[in-house]
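Residue numbering for the sequence shown follows our numbering, beginning at 323 and increasing consecutively. All remarks here apply to the structure that follows.
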Amino acid sequence: MTRHHTYQYWDKPLETMPREDLAACQTALLRKAVSAALRTPFYRRALAQQGIRSEDAITSLSDLKRLPFTTKQDLRAGFPYGFLSIPREQVVRLHASSGTTGTPTTIYFSKEDLSRWTGFVARSIYGTGCNNTDVFQNMITYGLFTGGLGFHSGGEEVGMMVIPSGAGNTARQFRLMQDFGTTVLHATPSFLLHIESKMREEGVDRKNLRLKRAFAGAEPYSEDTRVRIEELLGIDVYNSYGLSEMNGPGVAFECQRKDGLHLWEDGFIPEIIRPDTLEPAAEGEIGELVLTCLCREATPILRYRTRDLTGFYGEPCKCGRSHRRIRRIKGRTDDMLIINGVNLFPSQIEEVIMAIKEVGANYLIVVEKDGALDRLTVKTEVNTQTFMDDTRPLNALKERIRKTLQASITINPKVELLESGSLPISEGKAARVLDSRPPAGG
Ligand code: DLL
Numbered sequence: 323m324t325r326h327h328t329y330q331y332w333d334k335p336l337e338t339m340p341r342e343d344l345a346a347c348q349t350a351l352l353r354k355a356v357s358a359a360l361r362t363p364f365y366r367r368a369l370a371q372q373g374i375r376s377e378d379a380i381t382s383l384s385d386l387k388r389l390p391f392t393t394k395q396d397l398r399a400g401f402p403y404g405f406l407s408i409p410r411e412q413v414v415r416l417h418a419s420s421g422t423t424g425t426p427t428t429i430y431f432s433k434e435d436l437s438r439w440t441g442f443v444a445r446s447i448y449g450t451g452c453n454n455t456d457v458f459q460n461m462i463t464y465g466l467f468t469g470g471l472g473f474h475s476g477g478e479e480v481g482m483m484v485i486p487s488g489a490g491n492t493a494r495q496f497r498l499m500q501d502f503g504t505t506v507l508h509a510t511p512s513f514l515l516h517i518e519s520k521m522r523e524e525g526v527d528r529k530n531l532r533l534k535r536a537f538a539g540a541e542p543y544s545e546d547t548r549v550r551i552e553e554l555l556g557i558d559v560y561n562s563y564g565l566s567e568m569n570g571p572g573v574a575f576e577c578q579r580k581d582g583l584h585l586w587e588d589g590f591i592p593e594i595i596r597p598d599t600l601e602p603a604a605e606g607e608i609g610e611l612v613l614t615c616l617c618r619e620a621t622p623i624l625r626y627r628t629r630d631l632t633g634f635y636g637e638p639c640k641c642g643r644s645h646r647r648i649r650r651i652k653g654r655t656d657d658m659l660i661i662n663g664v665n666l667f668p669s670q671i672e673e674v675i676m677a678i679k680e681v682g683a684n685y686l687i688v689v690e691k692d693g694a695l696d697r698l699t700v701k702t703e704v705n706t707q708t709f710m711d712d713t714r715p716l717n718a719l720k721e722r723i724r725k726t727l728q729a730s731i732t733i734n735p736k737v738e739l740l741e742s743g744s745l746p747i748s749e750g751k752a753a754r755v756l757d758s759r760p761p762a763g764g
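Structure representation (structure tokens):
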């Protein structure tokens with residue numbers, strides 16, 4: 323799908339800034355971030371423990387190592403205002419994390435914070451080739467979740483006509499696409515797959531639509547899933563990464579080469595660590611992404627342990643941007659399953675099954691206790707054309723999926739094939755794992 327055009331920059335000097343200049347810019351911004359952090363109860367204490375009482379302790383980027391890590395638990399313990407660094411009267415908005423892994427955490431924004439965030443999203447969107455000729459249907463949840471309003475403002479900033487359709491209601495989504503000639507979509511990858519299968523079911527003719535691109539993110543997905551969405555819908559799909567703690571979307575985004583996500587280093591300082599030792603990972607090694615926010619005054623967050631697993635690319639991107647690229651997120655440190663002693667990330671299963679063309683839009687990984695052992699079942703929908711009355715081809719397909727999975731994950735799973743549309747679909751982040759085993763140790 324990728325067409326190699328002349329690359330477009332929203333802010334060329336910033337996006338292609340030489341690395342030394344970028345480091346100088348980061349150092350200056352880090353001093354400001356530390357100074358903002360020192361105005362919050364949590365960091366005043368945490369930084370004092372490291373002997374840091376003013377921004378003057380920061381003279382180069384190597385001083386970053388002296389700063390404490392921040393975890394999700396720290397943010398929760400500071401709820402509601404423990405991380406607020408400016409007077410409440412200067413806060414114009416709050417967002418909260420989706421809370422897929424526990425109680426939500428809150429992030430506050432000043433006017434200036436919102437405009438910086440919008441700038442990062444606009445830069446990301448523009449870099450994929452969008453401009454004011456586009457009609458942008460933002461099919462993601464609005465509200466406390468950052469995906470809706472974040473892309474909404476970024477889209478407007480680029481000059482696109484934004485349709486704030488929100489998630490869900492596929493029939494209405496199709497109508498909007500047809501009525502207004504939508505060219506760009508934003509959704510979770512699972513919702514894009516769902517929309518595509520509904521389109522076929524309801525006989526919506528792709529030829530009557532003007533779709534060109536989609537942004538897909540907020541949850542992990544494999545390269546095969548991207549290719550599948552691109553082929554089925556005939557569009558370019560760009561990976562979009564972000565998290566509420568770092569504003570929301572607009573942290574890292576693919577350019578038109580679609581080869582890794584540029585992490586905007588004038589807004590965030592990325593580190594990759596080994597989650598067990600907290601030491602820096604080796605060059606190119608996959609580890610936990612740690613981010614320091616350089617673009618927010620209301621809620622400064624230093625060295626945040628994202629729990630997302632990725633690695634840096636060694637080479638600069640051919641598009642000319644100097645901001646480093648991270649790999650597609652492999653999973654989270656906390657979504658790793660241990661099945662009869664073997665470590666398994668849900669993404670490993672997705673990689674295998676989405677490469678099989680008969681497999682449909684949705685799947686579910688079920689883990690249960692079977693006596694003393696763990697049992698893994700992969701339930702996957704298959705395309706309607708495949709689901710015929712004759713069970714022989716289905717049994718052969720099931721066996722092929724089972725064997726391919728076993729070869730790749732070294733665990734022998736049970737495979738169940740389901741008719742398209744039988745698994746529950748979620749409008750937000752897809753729930754891919756159902757683990758009914760009792761918690762370890764209890
Ligand atoms: O999901 C922000 C967002 C909205 C990103 C729209 C992209 C598009 P949270 O709800 O705080 O924020 O969830 C953040 O989602 O730590 C990752 O684990 C996961 N995640 C986000 N984008 C990706 C992606 C938004 N492209 C958490 N690939 C993050 C894999 C992703 N995982």
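Quick reminder that beta carbons are idealized off the backbone N, C-alpha and C, glycines included. From a predicted model like this one, the values you see are computed outputs, not experimental measurements.
Cβ shell of residue i (< 8 Å), same chain only, five flanking positions each side left out
| i | result |
| --- | --- |
| residue 763 | Low per-residue confidence applies at residue 763: pLDDT is 49, beneath 50, and the placement is therefore not dependable enough to give any value. |
| residue 704 | 680, 681, 682, 716, 719, 739, 740, 741 and 742 |
| residue 410 | 403 |
| residue 347 | 339 and 588 |
| residue 389 | 356, 369, 372, 374, 614, 624 and 625 |
Own chain, CB closer than 6 Å to residue i, minus 5 neighbours either side, in chain order
| i | result |
| --- | --- |
| residue 331 | 337 |
| residue 612 | 593, 595, 625 and 627 |
| residue 470 | 462, 463 and 464 |
| residue 597 | 610 and 655 |
| residue 566 | 417, 419, 429 and 468 |
| residue 458 | 477, 482, 484 and 506 |
| residue 355 | 616 and 622 |
| residue 352 | 380 |
| residue 475 | 440 |
| residue 520 | 492 |
| residue 749 | 489 and 490 |
| residue 757 | 689 |
| residue 377 | 353, 356 and 357 |
| residue 362 | 405 and 407 |
Beta-carbon proximity of residue i to residue j, cut-off 8 Å
| i | j | result |
| --- | --- | --- |
| residue 516 | residue 747 | yes |
| residue 671 | residue 696 | no |
| residue 455 | residue 511 | no |
| residue 617 | residue 438 | yes |
| residue 383 | residue 369 | no |
| residue 700 | residue 571 | no |
| residue 452 | residue 535 | yes |
| residue 344 | residue 587 | yes |
| residue 575 | residue 449 | yes |
| residue 562 | residue 673 | no |
| residue 551 | residue 538 | yes |
| residue 503 | residue 528 | no |
| residue 530 | residue 500 | yes |
| residue 555 | residue 524 | no |
Anticipated Cβ contact below 8 Å, residue i with residue j, distance rounded
| i | j | result |
| --- | --- | --- |
| residue 623 | residue 583 | Not confirmed; about 20 Å, so no contact. |
| residue 620 | residue 431 | 6 Å |
Top-ranked residue by Cα proximity to residue i, from the options
| i | options | result |
| --- | --- | --- |
| residue 659 | 474, 759, 392 and 430 | 759 |
| residue 490 | 579, 752 and 651 | 752 |
| residue 734 | 698, 702, 761 and 755 | 698 |
| residue 412 | 498, 436, 501 and 603 | 436 |
| residue 405 | 366, 376 and 631 | 366 |
| residue 676 | 642, 689, 726 and 707 | 726 |
| residue 602 | 728, 580, 634 and 657 | 634 |
| residue 744 | 684, 721, 729 and 728 | 684 |
| residue 573 | 497, 508, 585 and 729 | 585 |
| residue 637 | 581, 737, 667 and 608 | 581 |
Own chain, CB closer than 7 Å to residue i, minus 5 neighbours either side, in chain order
| i | result |
| --- | --- |
| residue 542 | 651, 653 and 669 |
| residue 333 | 445 |
| residue 732 | 664 |
| residue 364 | 396, 400, 404 and 405 |
| residue 341 | 644 |
| residue 513 | 461, 489 and 749 |
| residue 629 | 610, 654, 655 and 656 |
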